[in-house]
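Q: Below you'll find the structure I mean.
In our numbering, the protein residues as written are 4 to 197.
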């Protein structure tokens with residue numbers, strides 16, 4: 004089995020979302036499993052100058068900036084396609100996703116690769132039979148509240164790609180009671196069974 008772990012926190016040392024994602028990985032990984040790791044803070048190109056949705060630009064029409072985006076996009080799409088389980092760790096920044104995670108989603112959304120349009124114009128995800136785990140942390144935002152624009156968005160994006168089985172581990176409102184938030188998240192991880 005291939006596990007794709009994606010960390011999106013801008014904080015490297017002392018990141019709670021990264022630490023909890025590592026605990027989750029250690030819980031579910033078997034010795035024979037392969038891990039594909041992506042740190043979005045290391046190599047994320049911000050999406051600008053894109054003229055088509057779904058990254059659909061003919062090769063002959065791509066400029067140097069497009070070529071760089073497509074090179075990274077191809078890697079991200081292949082990592083998603085090859086994986087069986089996806090772990091995405093993300094802190095809630097200003098009520099939404101880190102910019103790097105939004106850029107990841109924009110580069111992973113590829114017509115004919117991660118989704119397609121059906122004859123009736125409706126979209127269909129092409130990455131079925133995968134399972135995702137979201138590790139969401141926040142300082143003050145309550146998960147799934149009216150102020151949480153990260154969790155529903157990320158679930159929607161994964162569903163859009165065809166990934167329908169999405170579980171959430173959360174350590175929210177850490178600023179109110181850090182110890183309780185961490186303990187709750189660790190208990191959620193302990194209860195996970197594949």
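Glycine included, every Cβ here is placed at the ideal spot set by N, Cα and C. All of these numbers come straight from a predicted model, not from anything done at the bench.
Only counting the same chain, and skipping five residues up and downstream in sequence, which positions put a Cβ closer than 7 Å to that of residue 132?
A: none
Q: Over what stretch of residues does the alpha helix (DSSP H) that includes residue 105 continue unbroken?
A: 102 to 111
Q: Would residue 27 and residue 93 be called neighbours here (beta carbons separated by less than 8 Å)?
A: no
Q: When the Cα atoms are used, what is the spatial distance from residue 134 to residue 32?
A: 14 Å
Q: Could you compute how far the alpha carbon of residue 194 sits from the alpha carbon of residue 165?
A: Distance between the alpha carbons of residue 194 and residue 165 is about 25 Å.
Q: Just the Cα atoms here: how many angstroms apart are residue 150 and residue 121?
A: 34 Å
Q: Ends of the beta strand (DSSP E) at residue 140?
A: 134 to 140
Q: Pop quiz: residue 146 and residue 175 are said to be a contact at Cβ under 8 Å. What is the actual Cβ separation, rounded to whole angstroms?
A: 4 Å
Q: Just curious, the beta strand (DSSP E) that residue 168 is in, first and last residue?
A: 168 to 174
Q: Restricting to Cα atoms, I'd like to know which of 21, 127 and 108 is closest to residue 80.
A: 108
Q: Just mark residue 179 as buried or exposed, buried being the case when its beta carbon has 16 or more other beta carbons within 10 Å.
A: exposed
Q: Give me the residue from 124, 99, 160 and 186 with the minimum Cα distance to residue 148.
A: Each of 124, 99, 160 and 186 was checked against the Cα of residue 148, and the nearest Cα belongs to 99.
Q: Can you list, in chain order, the residues of its chain with a C-beta nearer than 7 Å to that of residue 184? Leave out the 5 residues immediately preceding and following it.
A: 174, 175, 176 and 177
Q: Assign residue 122 to one of three DSSP states: helix, strand, or coil.
A: coil
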